[in-house]
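Down below is the structure, laid out as structure tokens.
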Amino acid sequence: MSKELTTRAADYSQWYNDLVIKGQLADHSAVRGCMVIKPYGYALWENMRDQLDRMFKETGHVNAYFPLFVPKSLFEAEEKNAEGFAKECAIVTHYRLKTDPDNKGKLIVDPEAKLEEELIIRPTSEAIIWNTYKGWIQSYRDLPLLINQWANVVRWEMRTRLFLRTAEFLWQEGHTAHATKEEAVEETEKMLHVYADFVEQYMGVPVIKGVKTANERFAGAEDTYCIEALMQDGKALQAGTSHFLGQNFAKAFDVKFSDKNNKLDYVWATSWGVSTRLIGALIMAHSDDQGLIMPPKIAPLQVVIVPIYKGEESKSTIDEKSAAIIKELKAMGISVKYDNSDNARPGWKFAEYELKGVPVRVAMGLRDIENNVAEVARRDTKEKSSISLDGLAAYIKNLLDEIQVNIYNRALAFRNENMREANSWNEFVTMLDEKGGFISAHWDGTSETEEKIKEQTKATIRCIPLDNKLENGKCVLTGEPSKQRVLFARAY
RNA sequence: CGGGAUGUAGCGUAGCCCGGUUAUCGCGCCUGGUUUGGGACCAGGAGGUCGCAAGUUCGAAUCUUGCCAUCCCGACCA
1055 MSKELTTRAA
1065 DYSQWYNDLV
1075 IKGQLADHSA
1085 VRGCMVIKPY
1095 GYALWENMRD
1105 QLDRMFKETG
1115 HVNAYFPLFV
1125 PKSLFEAEEK
1135 NAEGFAKECA
1145 IVTHYRLKTD
1155 PDNKGKLIVD
1165 PEAKLEEELI
1175 IRPTSEAIIW
1185 NTYKGWIQSY
1195 RDLPLLINQW
1205 ANVVRWEMRT
1215 RLFLRTAEFL
1225 WQEGHTAHAT
1235 KEEAVEETEK
1245 MLHVYADFVE
1255 QYMGVPVIKG
1265 VKTANERFAG
1275 AEDTYCIEAL
1285 MQDGKALQAG
1295 TSHFLGQNFA
1305 KAFDVKFSDK
1315 NNKLDYVWAT
1325 SWGVSTRLIG
1335 ALIMAHSDDQ
1345 GLIMPPKIAP
1355 LQVVIVPIYK
1365 GEESKSTIDE
1375 KSAAIIKELK
1385 AMGISVKYDN
1395 SDNARPGWKF
1405 AEYELKGVPV
1415 RVAMGLRDIE
1425 NNVAEVARRD
1435 TKEKSSISLD
1445 GLAAYIKNLL
1455 DEIQVNIYNR
1465 ALAFRNENMR
1475 EANSWNEFVT
1485 MLDEKGGFIS
1495 AHWDGTSETE
1505 EKIKEQTKAT
1515 IRCIPLDNKL
1525 ENGKCVLTGE
1535 PSKQRVLFAR
1545 AY
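Next comes the structure, spelled out in structure tokens:
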């Protein structure tokens, strides 16, 4: 993998901007940093979304939809949450335009049409959802309330990074209400595991499950759980979060319920989300110099068949042979494209589908048909083999499974190689500069130390792993006593 | 908002320092033909407010000033 492609997210954007997933920032200054997802990229997102949605439903959740606009008074109700997002909000102040009397053909904001109360374009939906929940929850019989929303949100970041931090992005946000603290904590952890399962099993990206420190916690949460992934350039990426919100939002929006003993109490809350940032994670975790590598389970296209023909006659012979295989593949639920277009030559098509990361490519020419075989190439290893046409579909189905496992194992091996323990400050800094990756080190548990480490090295505590073993040691910066190691990394 | 760089066709660029024919080259695009087992070749063609505005000059892509935008580094970032 060349340096040019792996050094930073910016390098990736150069690359897929031109060639591959066709994600790009909108090219008008007023909406810069908002992304455009072209059809192939969107098909990937749809596959990811559909699978996640299935998993949410299996865990008892239902979908709903809430407004894009959040009145300022609702937004400010939960103080910490509002404060946390205040610096990156887009705000609607007017509701009408009019023609400019001084400038024909131009429009101006009608000063008469100023809103009495400004509307915040949701950077996240806790406020508007909890304001709604207030009317939905009276009794323990109304609980738990397990709702998910697929939506867009806007965060007016000073600096955007394609897929990883865009001004507008697509995501899902789950918002649940529970009768007890225990149940809410259980939900928070359950959804973290759902995320981890999805990212590992479907996207083929290994993650570390953990808890954020106070500094990195979601504004308004009691605890923030996260999954952290490692990109090929050695930087960490937060791939998903699940928050235990305590009774903070219930108190802010006055959401109370009567329990079985008719005792009134505030409900306990969680929220959890993953976004189109996962597309960025997928690209940076698996791609190589030939382009994307799509995990078969969520690939927009799993198999492409490229016929190699000379003249119309050979074309129809191959068309016929292919049709049977395509039918068989489709019956197995495998997505397949037969590209017999005249627009491009085979070599061009090979390169194109490699860029797009299609897991399996089948090439078939008269030479192959005479021998009753086809050439099957896998994207992950670029190996090519000649496979008998009898049982080809079954072979491909099997190969897709193998590729799925292989790319996960490859990413896991990379992650493990880049997970190191540092036992001194010197070691810590050297590892960070020379190798990157996750560094497991002792920390004295104070926000001040965490802040100092960040200032000096740009490394942050990614998480305290869930299954962390306790181990006495000394803080890598201050030498103060520590009970466990935490995971540091430079992150996106 | 601070520091640095850049803006020339859909994309990538040369020319700018030292002003002077019709603005360079590659990719892509269109037409015709030959091709087709790893990004084909030949011939022809289309495509430009040289970021915007003002200034200097006989003459500006080139010099000056202002503005705008983009990228990188910071600040910021769930």
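Following the working numbering, the numbering of the first sequence begins with 1055 at its first residue and continues without gaps. Here a beta-carbon is modelled for each residue, glycine too, at the ideal position from N, C-alpha and C.
Item, Value
"If you follow the beta strand (DSSP E) that residue 1262 is part of, which residue opens it and which one closes it?", "1262–1265"
"I'd like the span of the alpha helix (DSSP H) that includes residue 1087, first residue to last.", "No alpha helix (DSSP H) holds residue 1087; DSSP gives it neither H nor E."
"Output the distance between the C-alpha atoms of residue 1229 and residue 1437, rounded to the nearest integer angstrom.", "45 Å"
"Which class does residue 1469 belong to by DSSP, given the choice of helix, strand or coil?", "helix"
"Exposed or buried, residue 1377, counting other C-beta atoms within 10 Å across all chains shown (16 or more means buried)?", "exposed"
"What does DSSP give as the partner residue(s) for residue 1295 in the beta ladder?", "1280, 1327"
"When you compare only the Cα positions, how much space is there between residue 1517 and residue 1264?", "5 Å"
"Can you tell me which of 1305, 1450, 1108 puts its alpha carbon nearest to the alpha carbon of residue 1256?", "1108"
"Out of 1482, 1494, 1529, 1267, state which residue places its alpha-carbon closest to the alpha-carbon of residue 1024.", "No answer is possible for residue 1024: the residues shown for the chain start at 1055 and end at 1546."
"According to DSSP, simplified to helix, strand and coil, what is residue 1455?", "helix"
"Considering residue 1185, what are the terminal residues of the alpha helix (DSSP H) in which it resides?", "1180–1190"
"Along the alpha helix (DSSP H) that carries residue 1194, what are the first and last residues, could you check?", "Taken as a continuous stretch (DSSP letters only), residue 1194 belongs to no alpha helix (DSSP H), as it is neither H nor E."
"What residues in its chain sit with their C-beta under 7 Å from that of residue 1410, if we drop five residues either side in the sequence?", "1074, 1094, 1345, 1346"
"Measuring CB to CB, does residue 1184 end up less than 8 Å from residue 1303?", "yes"
"Apart from the five residues on each side of it in sequence, which residues of its chain come closer than 6 Å, Cβ to Cβ, to residue 1098?", "1354"
"In the DSSP assignment, find the alpha helix (DSSP H) that holds residue 1099 and state where it starts and stops.", "1093–1112"
"My guess is that residue 1234 and residue 1326 are in contact by the Cβ rule of under 8 Å, so how many angstroms apart are they, rounded?", "Their Cβ separation, rounded to whole angstroms, is 18 Å, which puts residue 1234 and residue 1326 out of contact at 8 Å."
"Answer with buried or exposed for residue 1141, where buried requires no fewer than 16 other C-beta atoms within 10 angstroms of its C-beta.", "exposed"
"Work out the CA separation of residue 1261 and residue 1129 for me, nearest whole Å.", "33 Å"
"Report the rounded CA-to-CA distance for residue 1404 versus residue 1381, giving the unit in angstroms.", "22 Å"
"Would you mind working out which of 1176, 1352, 1426 sits nearest residue 1252, comparing C-alpha positions?", "1352"
"Considering only their Cβ atoms, is the gap separating residue 1113 from residue 1328 smaller than 8 Å?", "no"
"So what does DSSP say about residue 1338, is it helix, strand or coil?", "helix"
"Ignoring anything shorter than 4 residues or poking outside the stretch 1233–1258, list the alpha helix (DSSP H) runs there in chain order.", "1235–1251"
"What residue range does the alpha helix (DSSP H) around residue 1379 cover?", "1365–1385"
"Report the partner residues of residue 1400 according to the DSSP bridge assignment.", "Residue 1400 is not bridged to any residue."
"Using the rule of at least 16 other Cβ atoms within 10 Å of the residue's Cβ for burial, across every protein chain shown, is residue 1189 buried or exposed?", "exposed"
"Suppose you measure from the CA of residue 1293 to the CA of residue 1527; what does that come to, to the nearest Å?", "29 Å"
"Going straight from the alpha carbon of residue 1076 to that of residue 1363, what length do you get?", "Note that residue 1076 scores 41 on pLDDT, short of 50, meaning its location in the model is unreliable and no value can be drawn from it."
"Any chance you could list the beta strand (DSSP E) runs of at least 3 consecutive residues sitting entirely within the stretch 1391–1441, in chain order?", "1414–1419, 1427–1432"
"Can you give me the Cβ contacts of residue 1149 inside the same chain, cut-off strictly under 7 Å, excluding the 5 residues immediately before and after it?", "1167, 1169"
"Taking the beta strand (DSSP E) that residue 1557 belongs to, which residues open and close that run?", "Because residue 1557 is not part of the residues shown, which for the chain are 1055 to 1546, the question remains open."
"Count the other C-beta atoms from every protein chain shown that fall within 10 angstroms of the C-beta of residue 1497, then say buried if there are 16 or more, exposed otherwise.", "buried"
"Report the CB separation of residue 1339 from residue 1465 in whole angstroms; it is logged as a contact under 8 Å.", "5 Å"
"With distances taken Cα to Cα, identify the nearest neighbour of residue 1121 among 1319, 1182, 1237.", "1182"
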